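See below for the structure under consideration.
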Amino acid sequence: MQSTRTFSDKVFLVLKGLGMGAANKVPGVSGGVVAFVAGFYEEFIYSLQKINLKAFKLFINGRFKSFFQYINGKFLSLLFLGMIISYFSVSKILDYLIVHYELYVWSVFFGMIIGSIYYISKDFKDWNYQTYLVLFIGIIIGVSISFLDPAKENDNLWFVFFCGIISVSGMTLPGFSGSFILILLGNYVLLLVDSVNALADSFADVIRGDFSFLQNDERTRMLKVLAVFTIGSVVGLVTFSHVLNYILKNYKSITIASIIGFIVGSLGVVWPFKKTIFKTKEDGSFLVDSTGKKIIENYERFIPELNQETYLAIFYAIIGVFIVLALEYYGNKTRKQHA
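Using our numbering, the letters of the sequence shown correspond one by one to residues 6 to 344.
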């Protein structure tokens with residue numbers, strides 16, 4: 006899987022990480038779809054499953070160079086660099102756009118999902134009763150998830166650890182949105198907003214030389230929650246990668262058919278025409294997170310009237326399709342250059 010990469014390849018790999026990071030942050034969108042369409046999904050899974058007992062022994066024995074090479078470290082480090090940059094830049098821009106241009110942002114994502122379905126299915130020829138069955142099951146699961154009601158917030162550390170494991174499903178399993186799953190589990194705000202803000206505030210305090218936050222029970226609770234969530238995410242990432250690497254090797258057609266099903270099912274989550282339902286208190290006022298933003302409870306979908314806004318949304322959906330086609334063109338061009 007490892008190969009010599011040019012400088013432009015490395016830059017584009019960071020940009021792909023940016024795309025994955027942004028997709029993972031948005032409820033309903035799967036970073037795994039970006040990996041699949043951009044042509045590095047199998048290398049991503051292969052590299053993650055190299056984080057195993059042998060890698061651990063290499064690291065413990067101080068053979069850091071061998072460890073880095075064994076896990077395809079250049080690839081993973083560039084990809085995760087892009088994700089980290091995305092979390093503090095692109096995803097923030099997306100947050101702004103969703104607040105102010107929600108319909109058009111969802112339209113672009115809807116178009117990208119349609120383009121992804123076309124991209125993945127156009128070269129898939131191994132259709133039989135098994136692949137049709139898992140396709141149907143994948144669609145049913147994806148659609149069913151989009152209509153589930155969210156649970157209440159739960160900061161029990163064992164549950165937070167479980168949330169970490171589940172949340173990375175969007176990175177490893179195209180069509181499953183980890184952030185949307187967190188909304189359903191009731192912990193989206195706790196784990197992706199409040200705890201992250203607590204970490205950012207703590208970093209700012211440390212830079213100023215202020216360590217008083219260590220006596221702040223609420224801050225330390227948030228940091229503990231974030232640490233457990235991160236550990237759960239790492240465990241989930243490595244575990245899922247081993248499972249997926251095995252089934253990709255032994256049941257590739259069935260796996261791809263199920264991925265197509267999951268992605269088709271996710272169209273219900275990213276349907277652009279929906280009303281956001283926010284959590285409210287008993288007196289009818291809105292519940293807000295630590296940043297003052299209203300907390301999403303679920304979405305109410307509807308069929309739009311044909312008007313200027315609807316036509317503009319369709320236009321943005323078409324742009325989303327072309328974005329995926331452009332990624333496909335670049336991926337094919339890159340593969341030909343390395344052939």
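Cβ coordinates follow ideal geometry from the N, Cα and C atoms, glycine included. Predicted, not measured: the structure shown is a model, and the values here were computed from it.
How many Å lie between Val135 and Tyr106 at the Cα?
The sequence position of residue 135 within the sequence shown is 130, counting from 1. The sequence position of residue 106 within the sequence shown is 101, counting from 1. In the sequence as presented, Val is not what sits at residue 135; that position holds Gln. Spanning the two alpha carbons is a distance of roughly 41 Å.
Using the DSSP secondary-structure output, state which residues sit across from Arg306 in a beta bridge.
Position 301 of the sequence shown, counted from the first residue, corresponds to residue 306. DSSP, once it has assigned bridges, lists Lys279 as partnering Arg306.
Please list the segments of the alpha helix (DSSP H) lying wholly inside the region 94 to 137, counting only runs of 4 or more residues, in order along the chain.
Taking only runs of at least 4 residues, the alpha helix (DSSP H) segments lying wholly in the region 94 to 137 are 95 to 105, 107 to 127.
Can you name, in chain order, every residue of its own chain whose Cβ lies under 6 Å from the Cβ of Val233, other than the five neighbours on each side?
To locate residue 233, count along the sequence shown from 1; it is residue 228. Same-chain partners within the cutoff: Leu162, Val165, Phe166.
Within 10 Å of its beta-carbon, does Lys157 have 16 or more other beta-carbons around it, so buried, or fewer, so exposed?
Residue numbering aside, residue 157 sits at position 152 when the sequence shown is read from its first letter. When all chains shown are included, Lys157 counts as exposed.
Over the uninterrupted alpha helix (DSSP H) stretch that includes Leu187, give me the two end residues.
Within the sequence shown, residue 187 is the residue found at index 182, counting from 1. Unbroken alpha helix (DSSP H) run through Leu187: 183 to 190.
Is the beta carbon of Gly37 within less than 6 Å of some heavy atom of the ligand ATP?
Ligands displayed in this structure: none; no statement on the ligand ATP is therefore possible.
CA-CA distance, Gln313 and Ile119?
Residue 313 sits at position 308 when you count from the first residue of the sequence shown. Residue 119 sits at position 114 when you count from the first residue of the sequence shown. One C-alpha to the other measures close to 22 Å.
Just checking my contact of Ile265 with Gly143 at CB under 8 Å: how many whole Å lie between their CB atoms?
Your numbering for residue 265 matches position 260 in the sequence shown. Your numbering for residue 143 matches position 138 in the sequence shown. Confirmed, about 7 Å.
Where does Gln54 land, buried or exposed, given buried means 16+ other C-beta within 10 angstroms?
Here residue 54 corresponds to residue number 49 of the sequence shown, with the count starting at 1. When all chains shown are included, Gln54 counts as buried.
Counting pairs of Cβ atoms below 8 Å between the region 205 to 216 and the region 169 to 188, do you hit three or more?
Cβ pair count under 8 Å is below three, so no.
Could you tell me the alpha carbon to alpha carbon distance between Val326 and Val34, rounded to whole angstroms?
Translated into the one-based positions of the sequence shown, residue 326 becomes position 321. Translated into the one-based positions of the sequence shown, residue 34 becomes position 29. Spanning the two alpha carbons is a distance of roughly 14 Å.
Please classify Phe152: does DSSP put it in a helix, a strand, or coil?
Locating residue 152 in the sequence shown gives position 147, counting from the first residue. Coil.
Tell me, which residues are paired with Thr285 by DSSP?
Locating residue 285 in the sequence shown gives position 280, where the first residue counts as 1. According to DSSP, Thr285 bridges with Phe291.
Does the distance from the C-beta atom of Ala28 to that of Gly36 stay below 7 Å?
Walking along the sequence shown from the start, residue 28 turns up at place 23. Walking along the sequence shown from the start, residue 36 turns up at place 31. Closer than 7 Å, so yes.
Please report the straight-line C-alpha distance between Phe141 and Ser263, rounded to a whole angstrom.
Residue 141 sits at position 136 when you count from the first residue of the sequence shown. Residue 263 sits at position 258 when you count from the first residue of the sequence shown. Each residue's Cα considered, the two are about 8 Å apart.
Hey, how far is the Cα of Leu274 from the Cα of Phe93?
The sequence position of residue 274 within the sequence shown is 269, counting from 1. The sequence position of residue 93 within the sequence shown is 88, counting from 1. In the sequence under discussion, the amino acid at residue 274 is Val, which differs from the Leu named in the question. So the two alpha carbons sit approximately 24 Å from each other.
Does DSSP classify Ala331 as helix, strand or coil?
Here the question's residue 331 lines up with position 326 in the sequence shown. Correct three-state label for Ala331: helix.
Which same chain residues end up closer than 8 Å to Ile259 when comparing Cβ atoms and leaving out the 5 residues on each side of it in sequence?
Walking along the sequence shown from the start, residue 259 turns up at place 254. Taken in chain order, the residues that qualify are Gln135, Thr136, Val139, Ile252.
If you draw a straight line from the C-alpha of Thr244 to the C-alpha of Val104, how long is it?
If you number the sequence shown from 1, residue 244 lands on position 239. If you number the sequence shown from 1, residue 104 lands on position 99. Approximately 35 Å, taken between the alpha carbons.
Could you have a look at Asn221 and say whether DSSP puts it in helix, strand or coil?
Taking the first residue of the sequence shown as position 1, residue 221 is located at position 216. Reduced to three states, the DSSP call for Asn221 is coil.
If you follow the alpha helix (DSSP H) that Thr260 is part of, which residue opens it and which one closes it?
By 1-based counting over the sequence shown, the position of residue 260 is 255. Run containing Thr260: 257 to 270, per the alpha helix (DSSP H) assignment.
What three-state label does DSSP hand Gly67 in the structure shown?
In the sequence shown, the residue the question calls residue 67 occupies position 62. Three-state result, Gly67: coil.
Would you kindly check if the distance between the Cβ of Gly78 and the Cβ of Gly22 is under 7 Å?
Residue mapping note: residue 22 aligns to position 17 of the sequence shown, counting from 1. Residue mapping note: residue 78 aligns to position 73 of the sequence shown, counting from 1. In this structure, Gly78 does not lie closer than 7 Å to Gly22 by Cβ.
For Ser13, does the count of other Cβ atoms within 10 angstroms reach 16, so buried, or fall short, so exposed?
For the purposes of this step, residue 13 is taken as residue 8 along the sequence shown, with counting starting at 1. Answer is exposed; the Cβ neighbour count stays below 16.
Taking C-beta to C-beta, are Pro277 and Ser112 nearer than 7 Å?
Taking the first residue of the sequence shown as 1, we reach residue 277 at position 272. Taking the first residue of the sequence shown as 1, we reach residue 112 at position 107. Cβ distance < 7 Å, so Pro277 and Ser112 count as in contact.
Would you call Ala40 buried or exposed, if buried means 16 or more other Cβ atoms sit within 10 Å of its Cβ?
Translated into positions along the sequence shown, residue 40 becomes position 35. When all chains shown are included, Ala40 counts as buried.
Measuring straight from C-alpha to C-alpha, what distance separates Ala331 and Ser91?
Sequence index remark: in the sequence shown, residue 331 carries index 326 (1-based). Sequence index remark: in the sequence shown, residue 91 carries index 86 (1-based). If I take the Cα positions, the gap works out to 20 Å.
To the nearest angstrom, how far is it from the Cα of Ile282 to the Cα of Arg306?
Taking the first residue of the sequence shown as position 1, residue 282 is located at position 277. Taking the first residue of the sequence shown as position 1, residue 306 is located at position 301. Each residue's alpha carbon lies about 10 Å from the other.
Applying the 10 Å Cβ sphere with the 16-neighbour rule, what's the burial state of Leu84?
Within the sequence shown, numbered from 1, the residue matching residue 84 stands at position 79. By the 10 Å Cβ count, Leu84 comes out buried.
Tell me which same chain residues have a C-beta within less than 8 Å of the C-beta of Ile50, skipping the five on either side of it?
Stepping through the sequence shown from its first residue, residue 50 is reached at position 45. Closer than 8 Å at the Cβ level, and outside the excluded window around Ile50, lie Thr177, Ser246, Leu249, Asn250, Leu253.
Any beta-carbon of chain C closer than 7 Å to the one on Gly37?
Structure shown: chain C not included; a single protein chain is present.
Suppose contacts are defined by Cβ-Cβ distances below 7 Å. Is Gly184 in contact with Met227 by that definition?
Counted from its first residue, the sequence shown places residue 184 at position 179. Counted from its first residue, the sequence shown places residue 227 at position 222. Note on residue identity: the sequence assigns Ser, not Gly, to residue 184. No.
Quick check: Val173 and Leu242, are their CB atoms within less than 7 Å of each other?
One-based indexing of the sequence shown puts residue 173 at position 168. One-based indexing of the sequence shown puts residue 242 at position 237. Yes, the Cβ-Cβ distance between Val173 and Leu242 is below 7 Å.
Below 8 Å on the Cβ atoms is my contact criterion, and I expect Ile186 with Phe267 to pass it. Report the Cβ-Cβ distance as a whole number of Å.
Looking up residue 186 in the sequence shown gives position 181. Looking up residue 267 in the sequence shown gives position 262. Wrong, their Cβ atoms sit about 12 Å apart, outside the cutoff.
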